[in-house]
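Undergrad: Got a structure here, written out as structure tokens. Questions coming.
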Amino acid sequence: MMSKEDLINRLKAIVSPYAQNKEALNSISEDTDFINDLKINSANLVDVILDVEEEFDIVIANEEMEKMLTVKASMTIIESKLGEK
């Protein structure tokens, strides 16, 4: 099982190209909100999800995508998907 830090670091690398607020990106935590904190626009959120699917080799359903607005929610979904494998 991946550690929380590993997972946050992998998410940070994924969202990095899309984050407008680099300061918030540098202090990324479980509480970071992709839209409000990192200023990722909704079109880019789709790219983030696709990159997450590729990075972790998982498939994320549409209703799960809608919940992936924070680092914590994303970690929960990624961990549950990895647990299903």
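Just so you know, UniProt numbering puts 62 at position 62 of the sequence shown, and the rest follows in order with no gaps. Idealized CB from N, CA, C, for every residue including glycine. The model shown is predicted, which means the values in this text are computed figures rather than measured ones.
Given a threshold of 16 other Cβ atoms within 10 Å of its Cβ, counted over all protein chains shown, does D37 qualify as buried or as exposed?
TA: Classification of D37: buried, given that the 10 Å Cβ count is 16 or more.
Undergrad: How many angstroms separate the CA atom of S80 from the CA atom of K22?
TA: Their backbone Cα atoms lie some 29 angstroms apart in a straight line.
Undergrad: Can you tell which of I49, L7, I77 and L50 has the C-alpha that lies nearest to the C-alpha of S29?
TA: Considering only alpha carbons, the answer is L7.
Undergrad: Cβ of residue 92 within 8 angstroms of Cβ of K4?
TA: In this structure the chain extends from 1 to 85, so residue 92 is not present and cannot be described.
Undergrad: Given a threshold of 16 other Cβ atoms within 10 Å of its Cβ, counted over all protein chains shown, does M48 qualify as buried or as exposed?
TA: What sits at residue 48 in the sequence shown is Val, not Met. Label assigned to V48: buried.
Undergrad: At which residues does the alpha helix (DSSP H) containing K39 begin and terminate?
TA: Where K39 is concerned, there is no enclosing alpha helix (DSSP H), given that its DSSP letter is neither H nor E.
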